[in-house]
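In this note's numbering, the protein residues as written are 95 to 698.
Read the structure below first, then the notes.
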């Protein structure tokens, strides 16, 4: 089976000569077809079942013709009638089985296609740099993976099947009508272009309104996730009413967008149904003279009426089907945007290999960097720094000095605008980001705990770690005691964002995770902030074990945590303004001394 993560081949991309609107529609449908066509056996079975159901449905009027013309005429023929009804029962059985087979395989294709699209989109999103998620709300992206894929599932699992069935029934029915009564069939065909025209004219507006409606639904989902994720803040500041009004406003905007779409679709349905059934009524009126003159038998008329009803219903249903397909097209367009998003940070064609064994040296060589969204301010300016293997360096400075930017560049979430960042002598732009990050362990200021078990949260550091290794890391991180007290031990679900743990416990889980990485470079971003004294002591002890024999960079706003560092780098406005030990920097009476004086005087 083909890899569901693989992107659509370039051959599927329509020609640029095509009109823009048509090209966009076609590319959306091709994206869905690209994923669905990976299962030709299921498609073949579904199509065979569709053909069987349509053919069986269209043959039923012919049995009625046979019964009326041969069974009820000339005194009736009971044997013939019995044979016809035996055949009709057989047709019903075939129709039932074929319908069940069609439903199963078409539904299977819908679910499978959506599963593959979701997997492919998620895999592509994981390749994107953090910058992309800073500019695009993750909650809105999550909405696309749910509500938009539901639209596609409905289209593939239901709408496409209905469309094909009605096309087959309508086409076959027209052929059958010509076989029964060519004159009447010709008159019926004249009305078909009148039906198709409003569909084409109104269809584009339906697609536009469908896209707008889906965007508003995504806004609702994003707002709900944001509000529920900050319930403590919402309630602490008494903003429940405001959030309720804001959500109600988003719901009303979604309803307004949906009303526009529904209004157009209702108009389409009314026009088509009215035109089709009006045409059939006129036809019936015109056939009375043919029946009276004997040019048309009663059985043929009955079969014609029955078949004309099937044809009318088929083409009438296509109006709703077309609207559903346009909604799916809009959803596919939004998902295709995510699927086709290219990562800014990627491995070069021939990535440089980092030396083995790893030494853990770090070098910043005249680095210039500005965040893409803040081009007016230099986050780093002519920044140079060498960090030896196994060295511990503390980085301090006021907010906005560029401390966190160093970590972002080391992990290659961004590339410098000028200069270079090197690990073990290799320019990070020439290396595979995955190989770079495999040599780095990180303990962030805001600890991330996943809504999973304690075991899975620990194993995030190294997924193949055994339980004895997990417990060893937990012991070293001063986390084993509280983990053992959990109701189910390592199998305990920690809650959304680790809600069942305290701040200090979450931080120690993060340290154990970093220990399991066993990486030569360690990044600590204010890892003891916002902790009480006891938790800070336990975390600090765990950090000291973690820092042993590793190259360590420590960002700290609380200077008490960096006194023991052999080298302290003081930053301001993206540059190094001072460096040295705690004692030497205090003696220089510069920025570090002023920061220390403020903090230590406040502590006193």
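A virtual CB, placed ideally from N, CA and C, is assigned to each residue, including glycine.
Item to check | For residue 210, the three-state DSSP class (helix, strand or coil) | outcome: To locate residue 210, count along the chain shown from 1; it is residue 116. Here residue 210 sits in helix by DSSP.
Checklist entry - Is the segment 539 to 554 touching the segment 520 to 527 in the sense that three or more CB pairs, one from each, lie closer than 8 Å? => result Under the 8 Å Cβ criterion, the segment 520 to 527 does not count as touching the segment 539 to 554, having fewer than three qualifying pairs.
Item to check | Under the three-state DSSP convention, the category residue 486 falls into | outcome: For the purposes of this step, residue 486 is identified with residue 392 of the chain shown, where counting begins at 1. Reduced to three states, the DSSP call for residue 486 is strand.
Checklist entry - Would you call residue 95 buried or exposed, if buried means 16 or more other Cβ atoms sit within 10 Å of its Cβ? => result Here residue 95 corresponds to residue number 1 of the chain shown, with the count starting at 1. With a pLDDT of only 39 at residue 95, under 50, the local geometry of the prediction cannot be trusted, and the value read off the model is given with reservation. Answer is exposed; the Cβ neighbour count stays below 16.
Checklist entry - Should residue 56 go down as buried or exposed, given a rule of 16 or more other Cβ atoms within 10 Å for buried? => result Only positions 95 to 698 of the chain appear in the structure, and residue 56 is not among them; the question remains open.
Item to check | Distance CB(residue 535)-CB(residue 608) smaller than 9 Å | outcome: Here residue 535 refers to the residue found at position 441 when the chain shown is read from its first residue. Here residue 608 refers to the residue found at position 514 when the chain shown is read from its first residue. Result yes, Cβ atoms of residue 535 and residue 608 sit closer than 9 Å.
Next on the checklist: Applying the 10 Å Cβ sphere with the 16-neighbour rule, what's the burial state of residue 264?
Outcome noted: As a first step, residue 264 must be located in the chain shown, where it is residue number 170. So residue 264 ends up on the buried side.
Checklist entry - So the beta strand (DSSP E) residue 645 belongs to, where does it begin and stop? => result The residue given as residue 645 occupies position 551 in the chain shown. According to the DSSP assignment, residue 645 belongs to the beta strand (DSSP E) that extends over 645 to 649.
Checklist entry - Which residue's Cα is closest to the Cα of residue 558: 569, 610 and 568? => result In the chain shown, residue 558 corresponds to position 464, counting from 1. Out of 569, 610 and 568, 610 has the C-alpha closest to the C-alpha of residue 558.
Checklist entry - residue 154 to residue 362, Cα distance in whole Å? => result The sequence position of residue 154 within the chain shown is 60, counting from 1. The sequence position of residue 362 within the chain shown is 268, counting from 1. So the alpha carbons of these two residues sit roughly 30 Å apart.
Item to check | Nearest-angstrom Cβ-Cβ length linking residue 619 and residue 492, presumed shorter than 8 Å | outcome: What you label residue 619 is simply residue 525 of the chain shown in a count that begins at 1. What you label residue 492 is simply residue 398 of the chain shown in a count that begins at 1. Rounded, the Cβ-Cβ distance is 16 Å, inconsistent with contact.
Item to check | Cβ shell of residue 224 (< 7 Å), same chain only, five flanking positions each side left out | outcome: For the purposes of this step, residue 224 is taken as the residue at position 130 of the chain shown. Once the five neighbours on either side are set aside, the close Cβ partners of residue 224 are 507.
Item to check | Contact check, residue 315 vs residue 241, beta carbons under 9 Å | outcome: Position 221 of the chain shown, counted from the start, is the residue given in the question as residue 315. Position 147 of the chain shown, counted from the start, is the residue given in the question as residue 241. Yes, Cβ-Cβ distance for residue 315 and residue 241 is below 9 Å.
Next on the checklist: So, with DSSP's three-state summary, where would you put residue 143?
Outcome noted: Here residue 143 refers to the residue found at position 49 of the chain shown. Assigned with DSSP and collapsed to three states, residue 143 falls in helix.
Checklist entry - If residue 310 sits next to residue 484, beta carbons under 8 Å apart, how far is it from one beta carbon to the other, in whole angstroms? => result Mapped onto the chain shown, residue 310 falls at position 216. Mapped onto the chain shown, residue 484 falls at position 390. With 8 Å as the limit, residue 310 and residue 484 do not qualify as a contact, their Cβ atoms being about 55 Å apart.
Checklist entry - How many angstroms separate the CA atom of residue 587 from the CA atom of residue 548? => result On the chain shown, residue 587 is found 493 positions in, with the first residue counted as 1. On the chain shown, residue 548 is found 454 positions in, with the first residue counted as 1. Taking the straight line from one Cα to the other gives about 6 Å.
Item to check | Cβ shell of residue 760 (< 8 Å), same chain only, five flanking positions each side left out | outcome: This structure does not reach residue 760, given that the chain is present from 95 up to 698, and the question cannot be answered.
Checklist entry - Which residues in the same chain have their Cβ closer than 6 Å to the Cβ of residue 516, if we skip the five residues on either side of it in sequence? => result Within the chain shown, residue 516 is the residue found at index 422, counting from 1. Excluding positions up to five away in sequence, the list reads 457.
Next on the checklist: Helix, strand or coil for residue 669? Go by DSSP, reduced to three states.
Outcome noted: As a working mapping, residue 669 is identified with position 575 in the chain shown. Strand.
Checklist entry - Sorted by chain position, which residues of the same chain lie with C-beta nearer than 8 Å to residue 521's C-beta, five sequence neighbours on each side aside? => result Translated into the one-based positions of the chain shown, residue 521 becomes position 427. Leaving aside the five residues that flank residue 521 on each side, the residues in its chain whose CB is nearer than 8 Å to its CB run, in chain order, 446, 514 and 515.
Checklist entry - On the three-state DSSP scale, how would you describe residue 336? => result Residue 336 sits at position 242 when you count from the first residue of the chain shown. Assigned with DSSP and collapsed to three states, residue 336 falls in helix.
Item to check | Rounded Cβ spacing between residue 656 and residue 648 (contact assumed at less than 8 Å) | outcome: The sequence position of residue 656 within the chain shown is 562, counting from 1. The sequence position of residue 648 within the chain shown is 554, counting from 1. About 6 Å; that satisfies the 8 Å criterion.
Checklist entry - Apart from the five residues on each side of it in sequence, which residues of its chain come closer than 6 Å, Cβ to Cβ, to residue 668? => result For the purposes of this step, residue 668 is taken as residue 574 along the chain shown, with counting starting at 1. Excluding residues up to 5 positions away in sequence, 472, 473, 474, 475 and 496 lie with their Cβ nearer than 6 Å to the Cβ of residue 668 in the same chain.
Next on the checklist: Here's the rule: buried if 16 or more other CB atoms are within 10 angstroms of the residue's CB, otherwise exposed. What is residue 125?
Outcome noted: Against the chain shown, residue 125 aligns to sequence position 31. So residue 125 ends up on the buried side.
Item to check | In chain order, each beta strand (DSSP E) run of at least 3 residues that lies wholly inside the segment 486 to 538 | outcome: For the segment 486 to 538, whole beta strand (DSSP E) runs of length 3 or above, ordered along the chain, are 486 to 490, 512 to 517 and 534 to 537.
Next on the checklist: What does the Cβ neighbour count give for residue 177, buried or exposed, with the cut at 16 atoms within 10 Å?
Outcome noted: Along the chain shown, one-based indexing puts residue 177 at 83. Counting of Cβ neighbours within 10 angstroms places residue 177 among the exposed residues, the total staying below 16.
Checklist entry - Leaving out the 5 sequence neighbours to the left and right, which residues in its chain are closer than 6 Å to residue 421 when beta-carbon positions are compared? => result The residue labelled residue 421 in the question sits at position 327 within the chain shown. Within its own chain, the residues whose Cβ lies closer than 6 Å to the Cβ of residue 421, once the five positions on either side in sequence are excluded, are 245 and 304, listed in chain order.
Item to check | Limits of the unbroken alpha helix (DSSP H) element including residue 254 | outcome: The residue given as residue 254 occupies position 160 in the chain shown. Unbroken alpha helix (DSSP H) run through residue 254: 254 to 274.
Next on the checklist: Assuming residue 463 is part of the beta strand (DSSP E), what are its boundary residues?
Outcome noted: Looking up residue 463 in the chain shown gives position 369. It spans 456 to 463 - the beta strand (DSSP E) in which residue 463 sits, taken as one unbroken run.
Item to check | The alpha helix (DSSP H) enclosing residue 680, as first and last residue numbers | outcome: Here residue 680 is taken as the residue at index 586 of the chain shown, counted from 1. First-last of the alpha helix (DSSP H) with residue 680: 676 to 682.
Item to check | Euclidean distance between Cα positions of residue 687 and residue 672 | outcome: Here residue 687 refers to the residue found at position 593 when the chain shown is read from its first residue. Here residue 672 refers to the residue found at position 578 when the chain shown is read from its first residue. Using only the alpha carbons, I get a separation of about 10 Å.
Item to check | Alpha-carbon to alpha-carbon, residue 328 and residue 260 | outcome: What you label residue 260 is simply residue 166 of the chain shown in a count that begins at 1. What you label residue 328 is simply residue 234 of the chain shown in a count that begins at 1. Spanning the two alpha carbons is a distance of roughly 52 Å.
Checklist entry - What three-state label does DSSP hand residue 550 in the structure shown? => result Position 456 of the chain shown holds residue 550. DSSP places residue 550 in helix when its eight states are reduced to three.
Checklist entry - If you draw a straight line from the C-alpha of residue 231 to the C-alpha of residue 365, how long is it? => result Counting from one through the chain shown, the residue named residue 231 turns up at place 137. Counting from one through the chain shown, the residue named residue 365 turns up at place 271. So the two alpha carbons sit approximately 41 Å from each other.
Next on the checklist: Any heavy atom of the ligand ZN closer than 8 Å to the beta-carbon of residue 688?
Outcome noted: Looking for the ligand ZN in the displayed structure turns up nothing, as the structure carries no ligands at all.
Item to check | Top-ranked residue by Cα proximity to residue 193, from 140, 375 and 203 | outcome: Taking the first residue of the chain shown as 1, we reach residue 193 at position 99. Nearest option by C-alpha distance: 140.
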